[in-house]
Amino acid sequence: MRVGQSPKSGAPTAALLFVALLAFHICPSSIAQTTNASDARAETIENAHRRYLNAGDIQTELPVSVPEEVKPRPRSSHGFWRAIGDFLRALAPLFKLLLWIGIPVLVLLIVLAIVREATGFRFGRKKTGNNSSEVSIGYRPDEATARTLLEDADQLAADGQFEAAARLLLNRSIEDIERHRQTRIGRALTSREIARLEAIPANARPAFSTIASIVERAVFASQTLTRDGFQEARNAYERFALTEGWQT
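Mapping the sequence shown onto the numbering used here, position 12 (from 1) lands on 25, and the numbers just tick up by one.
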């Protein structure tokens with residue numbers, strides 16, 4: 014012990030040195046234990062995380078959506094008919110108007126036809142009576158032509174074609190009138206209508222109507238024309254063409 018140094022000051026210094034040496038030996042083991050514990054916890058967390066991912070309970074990636082293929086719709090004819098229907102519906106008011114106008118016009122035409130048939134009113138002219146005021150056309154078929162026609166009709170009748178012979182007389186008579194009057198007479202007229210034609214003089218109409226009536230019965234009533242029927246038509250044509258009936 015040095016002179017002037019207190020023996021109590023050396024004890025604290027030695028105590029401090031001892032504590033420092035003890036801490037030096039203890040701290041490395043504590044640090045090592047702490048590191049090992051941290052590694053164990055990290056491994057446990059990683060394993061738990063891996064198991065959680067493998068379980069598939071949660072979605073960890075965004076799904077990739079594949080666009081669906083859009084197939085073109087086949088063309089249908091329904092659109093065409095729908096357009097036609099729309100067009101007709103648009104014209105419905107016009108059709109309604111035409112209907113309201115057409116019905117009265119149709120009724121009027123029917124009434125006029127009935128009146129014309131009943132009174133003989135036609136084309137602005139009234140039916141003329143069988144009187145002396147009727148205008149004569151002053152015409153009859155040429156005698157030679159008429160006799161030639163009768164010979165042709167007799168030839169058909171000789172072959173048993175009585176209907177054809179009577180029709181020949183009728184058609185040739187109509188042709189004579191058309192040629193002289195420069196007008197056209199309907200072949201589909203009935204005997205009653207023919208008898209009212211102003212193209213035929215009044216005293217020649219009965220004979221002409223007789224021929225038309227005989228042909229009419231044979232064609233439309235399906236009555237077989239006999240020799241007697243043809244002879245009646247022939248006699249009527251003779252009165253029609255070879256007498257003074259055309260010269261009233």
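For each residue, glycine too, the CB sits at the ideal point set by N, CA and C. Quantities reported herein were computed from a predicted structural model and do not represent experimental measurements.
Within 10 Å of its beta-carbon, does D167 have 16 or more other beta-carbons around it, so buried, or fewer, so exposed? exposed
Do T223 and A254 have their C-beta atoms closer together than 9 Å? no
Return helix, strand or coil for G173, following the three-state DSSP convention. coil
Going along the chain, which residues of its own chain have a beta-carbon closer than 6 Å to the beta-carbon of A220, five neighbours each way excluded? A249, R252 and F253
Test item: CB-CB of L183 and V228 under 9 Å: yes
Please determine, among T239, E81 and P80, the residue with the shortest C-alpha to C-alpha distance to D172. T239
If you draw a straight line from the alpha carbon of D155 to that of L169, how long is it in whole angstroms? 21 Å
Can you give me the C-alpha to C-alpha distance between A159 and L111, rounded to a whole angstrom? 54 Å
beta-carbon K109 near the ligand ATP non-hydrogen atom, thresh 8 Å: As far as ligands go, the structure on display features none, and thus does not contain the ligand ATP.
Would you report the Cα separation of G137 and F93, rounded to the nearest angstrom? With a pLDDT of 48 at G137, under the threshold of 50, the modelled position of that residue is not reliable, and the figure given next carries that caveat. Distance between the alpha carbons of G137 and F93 is about 50 Å.
Can you say whether L163 is buried or exposed, counting buried as having 16 or more other CB atoms within 10 angstroms of its CB? buried
Using the rule of at least 16 other Cβ atoms within 10 Å of the residue's Cβ for burial, across every protein chain shown, is R180 buried or exposed? buried
Roughly how many angstroms lie between the CA atoms of A96 and P106, to the nearest whole one? 17 Å
For my contact list, F243 and A178 are in at a C-beta cut-off of 8 Å; report their separation, rounded to the angstrom. 5 Å
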